[in-house]
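Taking it in order: structure first as structure tokens, then the write-up.
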Ligand code: 13P
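Numbering (our numbering), first residue to last: 2 to 340.
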């Protein structure tokens with residue numbers, strides 16, 4: 002029923018040279034991020050920080066969509082304009098995180114299952130009224146001794162598929178985010194094996210739930226060695242391992258793959274994306290970004306909670322947005338970091 006609207010949203014989100022800004026940190030996560038720069042997580046601080054991000058001049062040249070947390074969707078700018086409208090005025094599509102976070106999966110120590118399906122259709126209808134045109138649901142998969150269990154992968158895939166189906170019924174484009182965490186000392190092959198199984202299970206579930214692949218986007222982890230693995234990988238190795246895995250598991254009907262940064266350094270997240278877009282073999286999907294930390298970290302540091310630093314923070318965000326836009330086109334070089 003809403004296929005034209007979803008087609009338009011997908012086309013805007015996957016626009017060439019653009020990617021997505023994830024600014025949907027939940028209450029606990031934003032508190033942690035603010036604490037790292039000695040800022041109290043009050044509602045006003047969250048509002049003014051996010052207004053600063055969204056009003057960065059010409060942000061829409063590099064950013065196609067922003068994922069918001071529920072609170073932000075309802076907040077207004079200093080000038081009294083609803084923040085989703087502030088984004089729309091920059092040519093940016095507003096989206097909304099709709100999951101309620103991951104909780105321990107009973108009987109499977111160490112595994113987690115994402116909550117939030119109850120009442121989701123009603124919540125989505127409300128978010129749509131407020132301007133949200135796409136949504137995000139994040140599943141978290143941990144690699145460890147005996148982890149993840151097959152059951153954890155299946156449960157999370159099923160919730161992702163049910164969420165995606167509900168979104169599409171309302172004309173909202175679902176971003177399906179199965180994140181295999183980079184915590185641990187495992188090698189890149191282990192991440193490749195787990196990511197392949199997760200993606201395979203997720204796309205089976207999406208098929209069973211009749212999700213239209215043309216009207217969704219995938220937000221996955223890159224295939225990386227664990228954070229504490231002594232054997233780290235070059236951007237070319239990451240690109241090869243990631244693309245081999247994705248070609249086996251992600252149907253060509255999916256319009257875009259928008260990677261999360263997941264704790265990679267800003268530069269690594271950019272260089273890895275660039276390597277995928279310069280890979281010898283042509284890929285069927287747009288390869289882009291949906292970064293949280295890798296776009297925001299320098300801006301947050303520059304801001305430090307002070308109104309006087311507003312412009313410096315915006316410039317820091319614009320720099321990362323511009324470099325990731327270059328990487329999305331395969332035009333990034335490390336020397337651009339100096340500019
Ligand atoms: P990071 O890029 O910081 O991993 O955040 C993206 C995100 O939206 C995680 O759900």
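Every residue, glycine too, gets a C-beta built ideally from N, C-alpha and C.
Heavy atom of the ligand 13P within 8 angstroms of residue 64 beta-carbon: False, no ligand heavy atom lies under 8 angstroms from that Cβ.
The ligand HEM heavy atom lying under 8 angstroms from the CB of residue 68: The model depicted lacks the ligand HEM and carries the ligand 13P instead.
For residue 85, the three-state DSSP class (helix, strand or coil): In the structure shown, the three-state DSSP call for residue 85 is helix.
Boundaries (first-last residue) of the beta strand (DSSP E) holding residue 179: Run containing residue 179: 174-181, per the beta strand (DSSP E) assignment.
Proximal residues to residue 128 (C-beta, below 6 angstroms), its chain only, five neighbours per side dropped: If we look at residue 128 and ignore the five residues flanking it on each side, its Cβ neighbours are 97.
beta-carbon residue 295 near the ligand 13P non-hydrogen atom, thresh 8 angstroms: Result yes, Cβ under 8 angstroms from the ligand 13P.
Beta bridge counterpart(s) of residue 304 as assigned by DSSP: DSSP output for residue 304 lists no bridge partner at all.
Option nearest residue 145 by Cα separation, candidates 287, 171 and 230: Ranking the options by Cα distance to residue 145, first place goes to 230.
Buried versus exposed, by CB contacts within 10 Å (16 or more), residue 209: Residue 209 counts as exposed, since fewer than 16 other C-beta atoms from the protein chains shown sit within 10 angstroms of its C-beta.
Inter-residue CB distance, residue 14 and residue 94 (contact presumed, cutoff 8 angstroms): About 6 angstroms; that satisfies the 8 angstroms criterion.
Through-space distance from residue 263 to residue 60, alpha-carbon basis: Approximately 22 angstroms between the Cα atoms of the pair.
N-terminal and C-terminal residue of the beta strand (DSSP E) that residue 115 is part of: Residues 113-115.
CA nearest to the CA of residue 158, picked from 134, 186, 118 and 174: Looking at the Cα atoms, 118 is the closest of the given residues.
Simplified DSSP state of residue 336, which is helix, strand or coil: If DSSP states are grouped into helix, strand and coil, residue 336 belongs with the helices.
Close beta carbons around residue 295, own chain, < 6 angstroms, minus the five adjacent residues each side: When the five nearest sequence neighbours on each side are left out, the beta carbons in the same chain lying within less than 6 angstroms of the beta carbon of residue 295 are those of 262, 267 and 270, in order along the chain.
Per-residue burial, residue 308 [other beta carbons within 10 Å of its own, 16 or more giving buried]: Classification for residue 308: exposed.
Three CB pairs or more closer than 8 angstroms across the segment 287-302 and the segment 223-239: Between the segment 287-302 and the segment 223-239 there are fewer than three inter-stretch CB-CB distances shorter than 8 angstroms, so the stretches are not counted as touching.
Euclidean distance between Cα positions of residue 33 and residue 321: Put simply, the backbone Cα of residue 33 is about 21 angstroms away from that of residue 321.
Buried or exposed (CB count within 10 angstroms, at least 16 for buried), residue 126: Residue 126 sits exposed, since fewer than 16 C-beta atoms from the chains shown fall within 10 Å of its C-beta.
Own chain residues within Cβ distance below 7 angstroms of residue 149, not counting five before or after: Cβ contact annotation for residue 149 (same chain, cutoff 7 angstroms, sequence separation greater than five): 112, 142, 143 and 195, in chain order.
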